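These notes are about the structure you will find just below.
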RNA sequence: GGCGGCAUAGCCAAACGGUAAGGCGGCGGUCUGCAAAACCGCUAUUUAUCGGUUCGACUCCGGUUGCCGCCUCCA
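Here it is as structure tokens:
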């Protein structure tokens, strides 16, 4: 049994799939107008965790994650860089996929792009016009928000409150300030596609409706993304999709809270972001994954440099325990079940980690068997998406280091500590650490 | 202004009505020629604050204070 918080109902619910043992998930991917940052990665690591938990529970997961590769800002920024908008977006798509692979995020079934689904988008807009949910004005097409009775059901907003809000921009073409563009007429020099309404491009929200329904069906199980998308993006997706099909869109909505930096949301527009690929030069993908897992995805996460180092130390300790003690295949079923139980309960990664560390302490204290505990934790770490293979050491270089260490042992035996310390210091410069103990000398690459 | 969320030790953080997990850091110890690492022990009589419900509240209800998100492009 898997249960989690559903934004649509505002409650934690037991998951019931549309098709037994299958789960369809649409993850709102990036709008590729800038580099993927730590905040984006939080959302995608969350989605990866969710997927892994479903798969462990025996579900066949069909996950779709889009790239929105056409929008106003992409056009604007690509011009600043004097680049074709396609080339411009491609850089960020590539950067995202590279970081995602490094993070050991399982690849989605497909990464659809908005610009490759223009036909589907046009068909959807036509349906909305036919059904009276959209209107054409001077080459633009707008969605008639007031006609959709359930408008606001995801975000908990009321149409009256939205109208009284002072921040809605006035566009004289719209019948109603809450109406939003499904299709935008191209201005001079902008990219365009031919449509029944003239040359233009899709509005922001329609691509996700078109792509999710194409690959997952008119009704699918889970739609995921950041809380900043709840309104208007996801609200509008529901309005468009349900008006067009007359069926429920996604049954469950999962939203992750924001990553903050200095008390503010990390975001492209605030230009206070840290690019994932830069961070991955400083900390390991495992450490970054653990950093995200330490906080429940429904809580805000405040970034500071120290917390990544903390996560790094923490992961190293876990890994060392597992690598040094694992042996055979026996696992502690009760401990393992406890870990899975907490993952199945709203994907509670912080609590799961807490139990894992407690188990390490118990094993060190002799309350639990070290080997079996290590084997159990290893299995859990794999489900959680961590990669445990040690550093890639070449066999020969290992032997060389062993030899140098052996020589130093000789020096120590001869009480030539000055020389022994010199060897230790020199090795340290190569990031090779010497660990003396009564069982002999060990070393490791830092 | 409207809607929603959050407040737990030095820092991060769990807890879903049954009496405060865990991590990092710090301190003390074991080990070591010294050191590092590892390991052990200690580090919240109390959950922003004031009331209420209950045999019992971090958990539920109301007020106050502070912070954040959305209402405009956003994961």
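Numbering (our numbering), first residue to last: 111 to 556.
Glycine is no exception: its CB is placed at the ideal position from the N, C-alpha and C atoms.
The model shown is predicted, which means the values in this text are computed figures rather than measured ones.
What does the alpha-carbon distance come out to for the pair residue i and residue j?
i           : j           : result
residue 543 : residue 535 : 9 Å
residue 524 : residue 514 : 15 Å
residue 221 : residue 333 : 15 Å
residue 522 : residue 212 : 42 Å
residue 200 : residue 480 : 48 Å
residue 509 : residue 422 : 28 Å
residue 302 : residue 339 : 26 Å
residue 419 : residue 142 : 29 Å
residue 322 : residue 139 : 12 Å
residue 304 : residue 287 : 27 Å
residue 337 : residue 148 : 15 Å
residue 552 : residue 511 : 10 Å
residue 154 : residue 249 : 36 Å
residue 172 : residue 400 : 25 Å
residue 392 : residue 197 : 28 Å
residue 176 : residue 207 : 12 Å
residue 354 : residue 164 : 30 Å
residue 385 : residue 179 : 19 Å
residue 204 : residue 144 : 12 Å
residue 209 : residue 215 : 9 Å
residue 119 : residue 362 : 9 Å
residue 234 : residue 462 : 43 Å
residue 410 : residue 442 : 34 Å
residue 335 : residue 405 : 17 Å
residue 496 : residue 487 : 11 Å
residue 295 : residue 466 : 56 Å
residue 425 : residue 482 : 19 Å
residue 152 : residue 450 : 21 Å
Here's the rule I'm using: 16 or more other beta-carbon atoms within 10 Å means buried, otherwise exposed. How should residue i be labelled?
i           : result
residue 348 : buried
residue 517 : exposed
residue 289 : buried
residue 226 : exposed
residue 190 : exposed
residue 395 : buried
residue 283 : exposed
residue 285 : exposed
residue 540 : exposed
residue 217 : exposed
residue 306 : exposed
residue 469 : buried
residue 255 : buried
residue 439 : exposed
So what's residue i in DSSP terms, helix, strand or just coil?
i           : result
residue 439 : coil
residue 524 : coil
residue 296 : coil
residue 237 : helix
residue 173 : strand
residue 429 : helix
residue 556 : coil
residue 124 : strand
residue 445 : helix
residue 119 : coil
residue 370 : strand
residue 227 : coil
residue 310 : strand
residue 486 : helix
residue 405 : coil
residue 264 : coil
residue 501 : With a pLDDT of only 46 at residue 501, under 50, the local geometry of the prediction cannot be trusted, and the value read off the model is given with reservation. Coil at residue 501, not helix or strand.
residue 147 : strand
Identify every residue that forms a DSSP beta bridge with residue i.
i           : result
residue 250 : 247
residue 134 : 172
residue 344 : BP columns for residue 344 are empty, so no partner.
residue 285 : Residue 285 is not bridged to any residue.
residue 220 : 174
residue 334 : 137, 364
residue 455 : 113
residue 290 : 253
residue 413 : 371
residue 543 : 554
residue 385 : 147
*Kindly confirm or deny that the region 155-170 and the region 367-383 touch, where touching means at least three C-beta pairs closer than 8 Å.*
No: fewer than three Cβ pairs fall under 8 Å.
*Please determine if the region 305-317 and the region 218-232 are in contact, where contact requires at least 3 C-beta pairs separated by less than 8 Å.*
In this structure the region 305-317 touches the region 218-232; the number of beta carbon pairs closer than 8 Å is three or more.
_Between the region 300-310 and the region 258-271, can you find at least three pairs of beta-carbon atoms closer than 8 Å?_
At 8 Å Cβ cutoff, the stretches do not touch.
*asked:* Across the region 424-434 and the region 453-461, are there enough close Cβ pairs to call them in contact, namely three or more that are closer than 8 Å?
replied: Between the region 424-434 and the region 453-461, the count of C-beta pairs closer than 8 Å stays below three; the two stretches do not touch.
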